[in-house]
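Following this note's numbering, the numbering of the sequence shown begins with 12 at its first residue and continues without gaps.
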Amino acid sequence: MNSYQRGTNVCSLPQGHPALPERIPNRKSWPSVRVFFTTCAVCTTLFATPYTVSTCSKPCARVKRRWARREEEHRRRARERQAYVAPVDRKQIFERDRWRCHLCGKRVRRTAPAPHPLSPSIDHVIPLAVGGTHEPANVRTAHFLCNSLKAHRGGGEQLMLIG
């Protein structure tokens, strides 16, 4: 018996019920299932699962995989340019910037997939192409369209101090 089951009634069936293990032949014990309660890494809803997954559904899992691919692409581009690379969590950057594009000031659509013009993307304030780094202090939230139009220009702006 696991520590979280001590002192609790595991089965709600009354004693002597025909479905209890002592009435079923060739059955020594019931299989135990451990349930994990966690919040979804994408939509932050609470869910229960017998597995150690971090997303609540297949659509959320697709979004998480898409974010991981984008992050790996940013890291690869930074390594090619021999820039400093630090872990950048896209969702934390979007939350920090309150889901607003730093180029036009309007809100980005949280659920719009790229290449939708209003989908959220990570913009390097000092672009990697001109010697910028891939770290939280050098990235901001931008619309996909605004970020594409900016391209590799920029770098004269003051870096936002995070403290």
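Each residue gets a CB set at the ideal place from its N, CA and C atoms; glycine is no exception.
Taking the beta carbon of residue i as the centre, do at least 16 other beta carbons fall within 10 Å, making it buried, or is it exposed?
i, result
"V46", "exposed"
"T56", "exposed"
So, using beta-carbon positions, are residue i and residue j closer together than 8 Å?
i, j, result
"N158", "S132", "yes"
"H113", "T152", "yes"
"V74", "E146", "no"
"A52", "T66", "yes"
Determine the direct distance from the alpha carbon of residue j to that of residue i, and round the result to whole angstroms.
i, j, result
"L160", "V96", "24 Å"
"T60", "A72", "14 Å"
"R101", "D108", "11 Å"
"W110", "P70", "20 Å"
"R77", "E84", "11 Å"
"R92", "H163", "13 Å"
"G116", "F58", "34 Å"
"T50", "S68", "11 Å"
"G6", "R86", "This structure gives no information on residue 6, because the portion of the chain shown stretches from 12 to 174."
Comparing C-alpha positions only, which one of the options sits nearest to residue i?
i, options, result
"L129", "F155, P138, A140", "F155"
"I104", "S68, H135, A123", "H135"
"A140", "R90, R121, A125", "R90"
"T63", "V44, C54, P138", "V44"
"I137", "A94, R118, R87", "A94"
Original post:
Where are the alpha helix (DSSP H) runs, 4 residues long or more, that stay fully inside the region 90 to 128, in chain order?
Top reply: For the region 90 to 128, whole alpha helix (DSSP H) runs of length 4 or above, ordered along the chain, are 101 to 107.
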